[in-house]
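Heads up: the sequence shown at position 120 corresponds to 119 in numbering that gives the first Met the number 0, and the numbers run straight through without jumps. Glycine residues also receive a C-beta, built at the ideal position from the N, C-alpha and C atoms. Predicted model, so just to flag it, every value in this text is computed and none were measured. The block underneath contains the structure these notes are about, expressed in C-alpha cells.
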Amino acid sequence: MSIKRHIPNAITCANLLCGVVGIVLSFQTQDITLGAWCIVLAAVFDFFDGLVARLLFVTSAIGKDLDSLADVVSFGVAPSILVYQGLSQLTGGSPWAYGIFILPAFAALRLAKFNNDTRQATSFLGLPVPSNALFWIGCAFAIPSISFTIGSQLTLVTYLVLAVILSALMVSDFPMFSFKLKKAPLKALWRQIVLVVIAIVAVVFEGWFGCTLTIIAYIFLSLLPAREA
C-alpha cells in the first residue's frame with residue numbers, strides 16, 4: 000500500500016491537532032496569543048493538505064470530509080473561543096457572550112455546502128471558513144481597545160452583530176476569489192497580489208488586528224471584477 004496516499008490526511012490531522020491545542024491553550028492561559036498562533040499554523044496545514052493531495056494525485060472523498068471536520072474545529076470553534084474568552088472577561092461572564100458560537104455552527108453549514116457544490120472548484124461562493132477565522136483572531140485582540148472606546152456592553156453588541164453578518168456571509172452565494180495555485184498571467188491574479196501586499200502592510204503596522212483588516216480588504220476586492228487572462 001502506497002504511503003503517499005496518507006500524506007495529505009496526515010497534514011489535515013495536523014491542522015485538527017493545532018485547532019484542538021489552540022482551544023486548550025485559550026482556556027488555560029489568560030493570554031490568547033498562543034491560541035491564535037495555533038490557528039495560524041492550522042491555516043498553513045490547511046493550505047498544504049489540498050496542494051499536496053493534488054500534486055500526488057491522491058485526492059479522495061475521505062480526505063475532503065476529513066478536511067472539513069478539521070476546519071470546523073480549527074477555524075470555527077477555536078477562533079470563537081478566543082473571542083468568547085475576551086467578551087466573557089469584559090462583561091463579567093454575560094450569557095450573551097455565548098452568542099458568538101453561532102460562528103462554528105455556520106462554519107459547519109458552509110463546509111457542508113462547499114463539499115456538495117460543484118460551482119466552487121476554482122473560486123468560492125461565500126466567505127471561506129479559514130478567512131472567517133483570521134477575521135476573528137484580529138477581533139479577539141481588539142476587544143480591550145474597542146471596549147475602552149465604546150464601552151463593554153456596546154462592544155458585546157457590536158461583536159454579536161458582526162457574528163451574524165459573518166455567519167450569513169459564509170453561507171451566502173457571494174463570489175470570492177481563491178488562492179488556489181493555477182497557471183495564469185499576473186494581470187489575471189491582480190486581486191490576489193494586491194491582497195498579499197495589503198496583508199503584509201496591515202500586519203506590520205496593526206499586528207494581529209491586521210488579520211481582520213486583511214479579510215475586510217478580501218471582501219471588498221472580491222466585489223471588483225477579475226481581469227481576463
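What are the residues that DSSP puts in a beta bridge with residue i?
i, result
"Met175", "Phe123"
Residue i by DSSP, collapsed to three states: which one?
i, result
"Thr28", "coil"
"Gly21", "helix"
"Ile10", "helix"
"Phe219", "helix"
"Thr58", "coil"
"Trp189", "helix"
"Pro224", "coil"
"Leu212", "helix"
"Met0", "For Met0, the predicted model reports a pLDDT of 48, less than 50, meaning its position is unreliable; a value from the coordinates is still stated below. Of the three classes helix, strand and coil, the one that applies to Met0 here is coil, per DSSP."
"Gly206", "coil"
Since residue i contacts residue j with CB under 8 Å, what's their CB separation in whole angstroms?
i, j, result
"Pro78", "Trp135", "4 Å"
"Val128", "Ala111", "Actually they do not touch by this definition, with Cβ atoms about 11 Å apart."
"Gly62", "Ile38", "Contact flag wrong, Cβ pair sits at about 21 Å."
"Ala216", "Ile192", "Contact doesn't hold; Cβ gap of about 12 Å is too wide."
"Ile214", "Leu133", "5 Å"
Query raised in the report: So, do the region 28 to 47 and the region 91 to 106 have three or more beta carbon pairs nearer to each other than 8 Å?
Result: no
**Report entry** Ordered list of alpha helix (DSSP H) runs contained in the region 85 to 170, each at least 4 residues
**Finding:** 101 to 114, 128 to 149, 151 to 169
Query raised in the report: How about the region 13 to 28 and the region 63 to 77: do they share at least three Cβ pairs that are nearer than 8 Å?
Result: yes
Query raised in the report: Is the region 163 to 177 touching the region 136 to 153, taking contact as three or more C-beta pairs under 8 Å?
Result: no
Query - Meets three-Cβ-pair contact criterion under 8 Å: the region 18 to 31 and the region 50 to 59 - result: no
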